[in-house]
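**Student:** Residues 37 to 362 in this note's numbering are what the sequence shown spells out, letter by letter.
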Amino acid sequence: MRVLLTRRMPPDAAELLSGAGFAVELIDAHESPPADELRRRAAGVDAILCTLSERIDAPLLDAAGSRLRIVANLAVGYENIDVDACRARRVWATNTPGVLTDATADLTWALILATARRVVEGDALVRRGAWPGWAPLQLLGRELRGATLGVVGAGRIGAAVGTRAAPFGMNVIYAHPRVSPELEAAGARRVTLSELLAASDFVSLHVPMREENRRLIGRPQLAAMKPGAILINTARGAVIDEAALVEGLRAGRPAAAGLDVYEREPRLSPGLAELPNVVLLPHLGSATTQARSRMAEMAARNIIAALSGRQPPNPIGGASDPPPRA
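1. Taking the C-alpha atoms as reference points, what is the distance between GLN174 and ARG154?
2. Could you tell me which of GLU67, ASP93, PRO358 and HIS66 sits nearest to ALA78, measuring between CA atoms?
3. Smallest Cα separation from LEU136: which of GLN347, ASN338 and GLN326?
4. Around the Cβ of ARG200, are there at least 16 other Cβ atoms within 10 angstroms (buried) or fewer (exposed)?
5. Does the structure place the segment 95-109 close enough to the segment 311-321 that three or more beta carbon pairs sit under 8 Å?
6. Do ALA196 and ALA208 count as a contact pair if the criterion is CB distance below 7 Å?
7. If you reduce the DSSP assignment to three classes, tell me which class TRP128 lands in.
8. Please name the residue in ALA166, PRO168, ILE276 and ASP237 whose C-alpha comes closest to that of GLY182.
9. Using the C-alpha atoms, what's the distance from CYS86 back to TRP170?
10. Would you list, in sequence order, the uninterrupted alpha helix (DSSP H) runs of no fewer than 4 residues that lie entirely inside the segment 308-359?
11. Do three or more CB pairs link the segment 159-168 to the segment 213-220 at distances below 8 Å?
12. Between which two residues does the alpha helix (DSSP H) harbouring GLY55 extend?
13. Over what stretch of residues does the beta strand (DSSP E) that includes ALA59 continue unbroken?
14. Pick out whichever of PHE58, GLY294, ILE266 and LEU185 has its Cα sitting closest to the Cα of ALA222.
15. Here's a check: name, in chain order, each residue in its chain whose Cβ is nearer than 6 Å to the Cβ of ARG44, leaving out the five neighbours to either side.
16. Taking all protein chains shown into account, decide if ALA259 is buried (16 or more other Cβ within 10 angstroms of its Cβ) or exposed.
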């Protein structure tokens with residue numbers, strides 16, 4: 037059986053798949069392949085191991101043909117996959133939940149600290165030789181103790197971010213459709229999004245990329261934020277209206293932002309990169325050696341299960357239907 041890896045990935049996946057007796061075919065490039073190349077290379081394969089950057093749609097599934105049993109995403113999010121098209125063709129679609137929670141939560145805190153203490157501005161000042169020496173009013177930031185952290189979306193990652201706030205002496209509130217036992221146990225309080233925006237010194241976004249969350253944070257929400265508040269996004273770029281964010285940052289509402297994701301990755305909205313009060317990262321949320329290794333292993337085990345006639349451990353949407361396909 038043939039398994040296509042859509043780009044270079046941690047070696048764990050290929051090693052597990054080869055060890056299970058599958059023929060591994062790699063598109064040997066760092067970047068995501070063009071759609072026409074992906075369709076050509078997918079023809080006749082039994083499984084596809086892809087990333088968020090590859091669009092898995094009906095034309096791609098049809099190009100792969102009737103042998104295809106599973107599309108395994110190297111990510112928790114799956115907005116790149118047409119899950120309904122997969123289901124209609126009896127193709128499993130899987131993701132990698134849980135294994136990147138700590139890595140993404142840690143990066144969120146890196147952005148909180150970097151924006152609060154103006155770390156990137158300070159680094160740039162020193163590097164360009166413009167630092168005149170210590171001064172009492174130079175690059176003043178803000179302390180975390182006593183500040184309020186608002187967590188928007190209290191799934192695995194949001195809960196992990198919120199529970200990390202206690203050692204910093206922060207108050208935590210969160211907006212989520214359901215009560216979060218983890219956050220409640222840590223002393224957090226559940227509020228509405230409007231209440232959270234008005235009360236938070238730091239707003240951290242952790243909602244999934246569903247249509248109802250598209251541009252969840254736009255001009256009205258930015259205007260409703262507390263003066264001096266900082267916005268952090270390690271969820272998905274389209275959760276924020278990026279053009280509105282550029283306007284808001286210019287006007288000081290929010291006072292600063294830390295972003296790991298963008299509305300039209302890898303492109304940025306005009307003006308965003310020129311702003312001094314935003315920290316910009318290239319989608320590094322799960323980018324640790326350990327997390328990416330675990331993701332690759334989980335994706336490979338999903339494929340091994342599906343090609344062995346079993347339900348994969350992590351089907352998108354829970355236990356679904358796939359079987360009949362000859």
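Note that beta-carbon positions come from the ideal geometry of N, C-alpha and C, so glycine has one too.
**Tutor:** In brief:
1. Their Cα atoms are separated by approximately 10 Å.
2. Considering only alpha carbons, the answer is ASP93.
3. Looking at the Cα atoms, GLN326 is the closest of the given residues.
4. It counts as buried.
5. By the Cβ test, the segment 311-321 is not in contact with the segment 95-109, since fewer than three Cβ pairs between them sit closer than 8 Å.
6. Per the sequence presented here, residue 208 reads as Val, with Ala not at that position. Contact: no.
7. TRP128: strand per DSSP, three-state reduction.
8. Nearest C-alpha to GLY182: ASP237.
9. Inter-residue distance for TRP170 and CYS86 is about 49 Å (C-alpha atoms, whole angstroms).
10. Correct list: 325-343.
11. No: fewer than three Cβ pairs fall under 8 Å.
12. Boundaries of the alpha helix (DSSP H) harbouring GLY55: 47-55, taken from the DSSP string.
13. Counting along the chain, the beta strand (DSSP E) containing ALA59 begins and ends at 59-62.
14. Of the listed residues, the one whose Cα sits closest to ALA222 is LEU185.
15. For ARG44, same chain residues with a beta-carbon under 6 Å away, outside a window of 5 residues either side, are HIS66 in chain order.
16. Exposed.
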